[in-house]
Amino acid sequence: AGLTRPTAVALVAALAVAGLIAVVRRREDWRQPLAAVVIAPLGVAGYLAWVGYRMGDWGGYTKLQEGAWGHTFDWGRHSLDVLTSVPVGHFDYLFAMPMEDTIGVGVVLLVPVLTVLLVRLRPPSVLVVYTVLSYLTVMGTQQYFGNVSRYLLPLFPLFVPLALAMRRLSGPVLAAVLCTAAVASGSYAGYVLFELGVP
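In the working numbering, each residue carries its 1-based index in the sequence shown increased by 23.
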């Protein structure tokens, strides 16, 4: 994952937590968890270095993100602007797309609810750290807000409470729910990619 996006920093942090827990519990020799923590960021660092090398600028990745897609880490200012504008029907912020942003706001507001449900299941702390840091990274970035649902897809631990709830459904109902979700998400993804041309 470190070779795909710098959001893999959340994975590195989660691995550091796992390493710290392993050392504290003394289940393993401390050198193995430490080695994992040292090796983990090499993928992200290597990818950023490669992009910087190819662009002839060590800050190449951030310049590429900002120049090509308008993505910058703004500590959540843009996300806050969207989250306070969309519910009152104002679409005068950067990269405004009313329908897509409304869907994005719905997804963003669903994440804390799913996070609480996940935490109530008492998953390994690694999953919670990864989920929360990934969410904060996405929310801290200025971007096309209509794409936020795509950027939140890697938060797979949030699907655990949904999966546990769906196991109570009968076979036909479960098939209908999954087919409807697949068609809806596929249609929306195709619309965003091919109609809007959003990166």
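Don't be surprised by glycine CBs; every beta carbon is placed ideally from N, CA and C.
Contact holds between the segment 167-183 and the segment 149-156, because three or more Cβ pairs, one in each stretch, are under 8 Å apart. V134 and V206 have their C-alpha atoms roughly 21 Å apart. The three-state reading of DSSP puts F179 in helix, counting H, G and I together.
Y158 and L175 have their C-alpha atoms some 7 Å from each other. Relative to D124, the option among T30, L71, V136, H101 whose CA is nearest is H101.
Shortest Cα-Cα distance from Q55 to any of G69, A39, V67 involves A39. In this structure, V67 sits near A31, with a CB-CB distance shorter than 8 Å.
Beta-bridge annotation (DSSP): F96 is paired with T164. Inclusion of G127 and G194 in the CB contact set at 8 Å is not warranted, their separation being larger than that value.
In the same chain as W98, and ignoring 5 residues on each side of it, the C-beta atoms closer than 7 Å to its own belong to G163, in chain order. As summarised for the segment 64-111, the continuous alpha helix (DSSP H) elements at least 4 residues long and confined to that stretch are 65-78, 83-87, 100-108, given in chain order. DSSP, read as helix, strand or coil, puts R173 in helix. Nearest to M122 by alpha-carbon distance, out of V142, M78, K86, V171, is V171. Here the C-alpha atom of E218 lies approximately 52 Å from the C-alpha atom of V47.
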